[in-house]
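Enquirer: Submitted below is the structure of interest, expressed as structure tokens.
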Amino acid sequence: MYFPALLERFAKVFPEVNGTMGSDHWSGRWDRESLCIRARQGLNVVLISRTLEKLQAIAVEIEVTTGSSVKIIQVDFTKDDIYEYIKEELKGLEIGILVNNVGMLPSFLPSHFLNTPGDIQSLIHCNITSVVKMTQLILKDMESRRRGLILNISSGVALFPWPLYSMYSSSKAFVYTFSKALQAEYKAKGIIIQVLTPYAVSTRMTDYLNTNLITKTADEFVKESLNYVMIGDETCGCLAHEILVIGNFSFLEASEDKWRGSPHRAEIAFPCCWNTQLFSPLARTEMPEGVLPMVNIVREKA
-19 MYFPALLERF AKVFPEVNGT MGSDHWSGRW DRESLCIRAR QGLNVVLISR TLEKLQAIAV
41 EIEVTTGSSV KIIQVDFTKD DIYEYIKEEL KGLEIGILVN NVGMLPSFLP SHFLNTPGDI
101 QSLIHCNITS VVKMTQLILK DMESRRRGLI LNISSGVALF PWPLYSMYSS SKAFVYTFSK
161 ALQAEYKAKG IIIQVLTPYA VSTRMTDYLN TNLITKTADE FVKESLNYVM IGDETCGCLA
221 HEILVIGNFS FLEASEDKWR GSPHRAEIAF PCCWNTQLFS PLARTEMPEG VLPMVNIVRE
281 KA
């Protein structure tokens, strides 16, 4: 695999460095798989998350498997008063790899913005503030050392406006654009900043979707995504999702041309070449009028 070779390179460059990861419910296997690989390369690990029992379980697995040391920091990323505490806990550690993968989805079921379940501010803190603040804490030292790797986990829904998932898709769009901008600013300083934009992965957050060619298990996605680090500043994390993106861009351009040239109002539904299992709730939900070009025209009204 390409990724172990990458980590071997990082281990040589950062012989005493630590890897820091936000840990959340959709990416627990991403944590275990990638962190064990990191640890085998001689890197120590810092885990940051809300659930102490989960942190302890992952820490024990890494320590037993690799012999590396694991530091645990228990915080709730839905709060905004945690970063001074994190800063103190990280004091004295040379962080060479930062993975921002904490995130939350208010509900798997689609809903209009005013009907968004849960606390919107908590989503903003978890999906947006955490990426900004953790990057701010770590990037300064990376800049002074002129080396470092930051992986930010966004989503495929960041690439288009997604009605009925407006808060989640917008928060992930921020992660996407923030990462791309930072890469442009700091690439010349020896810092790699990559954003991952995966589509359907079968996890608790997606209600454990049935897997298929497009919908990956967490294990499948993790193992494949680790091959794409350093390939570019943006990746979907697996080949099937990369093909999906190319197909959807072509499809959306054609759909928009058709819609704009029609004298009739269109009935709209979920994108036909996206995973219909994942987005099937959209077919049962009243959609706002004129929401193109991100959705498919399925029938023109006479």
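Per our numbering, residue -19 is the first one in the sequence shown, and the count goes up by one each step. Glycine is no exception: its CB is placed at the ideal position from the N, C-alpha and C atoms.
(1) Please look up how many angstroms separate the CB atoms of Lys160 and Glu123, rounded, as I've assumed it's under 8 Å.
(2) In the DSSP assignment, what are the bridge partners of Val175?
(3) Indicate whether Leu131 and Asn81 have their beta-carbon atoms separated by less than 9 Å.
(4) In the DSSP assignment, the beta strand (DSSP E) including Ser150 goes from what residue to what residue?
(5) Let me know if Pro268 comes out buried or exposed under the rule of 16 or more other beta-carbons within 10 Å of its beta-carbon.
(6) Mapping DSSP to helix, strand and coil, what is Ser102?
(7) Is Leu117 near Leu70, with beta carbons less than 9 Å apart?
(8) Cα-Cα, which of Pro143, Tyr65 and Met114 is closest to Asn95?
(9) For Glu233, count the other beta carbons within 10 Å of its own beta carbon; 16 or more makes it buried, fewer makes it exposed. Which is it?
(10) Verify whether the separation of the beta carbon atoms of Gly83 and Asn107 is less than 9 Å.
(11) Nearest to Asn24 by alpha carbon, out of Lys59, Tyr65, Glu74 and Gln54?
(12) Spatial neighbours of Tyr148 within its chain, please: C-beta separation below 6 Å, excluding the five flanking residues on both sides.
(13) Do the CB positions of Thr215 and Gln174 come within less than 9 Å of each other?
Expert: Taking the structure as given:
(1) The sequence position of residue 160 within the sequence shown is 180, counting from 1. The sequence position of residue 123 within the sequence shown is 143, counting from 1. Their Cβ separation, rounded to whole angstroms, is 18 Å, which puts Lys160 and Glu123 out of contact at 8 Å.
(2) Counting from one through the sequence shown, the residue named residue 175 turns up at place 195. For Val175, which the question treats as bridged, DSSP gives the partners Asn132 and Glu214.
(3) For the purposes of this step, residue 131 is identified with residue 151 of the sequence shown, where counting begins at 1. For the purposes of this step, residue 81 is identified with residue 101 of the sequence shown, where counting begins at 1. Yes.
(4) Walking along the sequence shown from the start, residue 150 turns up at place 170. Per DSSP, Ser150 belongs to no beta strand (DSSP E); it is in the alpha helix (DSSP H), Ser146 to Tyr166.
(5) As a first step, residue 268 is located in the sequence shown; it is residue number 288 there, counting from the start. For Pro268, the pLDDT reaches just 49, beneath the cut-off of 50, and the residue's location in the model is therefore unreliable, leaving the point undetermined.
(6) For the purposes of this step, residue 102 is identified with residue 122 of the sequence shown, where counting begins at 1. It is helical.
(7) Within the sequence shown, numbered from 1, the residue matching residue 117 stands at position 137. Within the sequence shown, numbered from 1, the residue matching residue 70 stands at position 90. Result yes, Cβ atoms of Leu117 and Leu70 sit closer than 9 Å.
(8) On the sequence shown, position 115 is the one that residue 95 refers to. Here the closest residue by C-alpha is Pro143.
(9) For the purposes of this step, residue 233 is taken as residue 253 along the sequence shown, with counting starting at 1. Confidence in Glu233 is poor, its pLDDT being 45 and thus under 50, which makes the residue's placement too unreliable to answer from.
(10) Residue mapping note: residue 83 aligns to position 103 of the sequence shown, counting from 1. Residue mapping note: residue 107 aligns to position 127 of the sequence shown, counting from 1. Contact: yes.
(11) For the purposes of this step, residue 24 is identified with residue 44 of the sequence shown, where counting begins at 1. Nearest option by C-alpha distance: Glu74.
(12) If you number the sequence shown from 1, residue 148 lands on position 168. So the list reads Leu85, once near-sequence residues are dropped.
(13) Translated into positions along the sequence shown, residue 215 becomes position 235. Translated into positions along the sequence shown, residue 174 becomes position 194. Closer than 9 Å, so yes.
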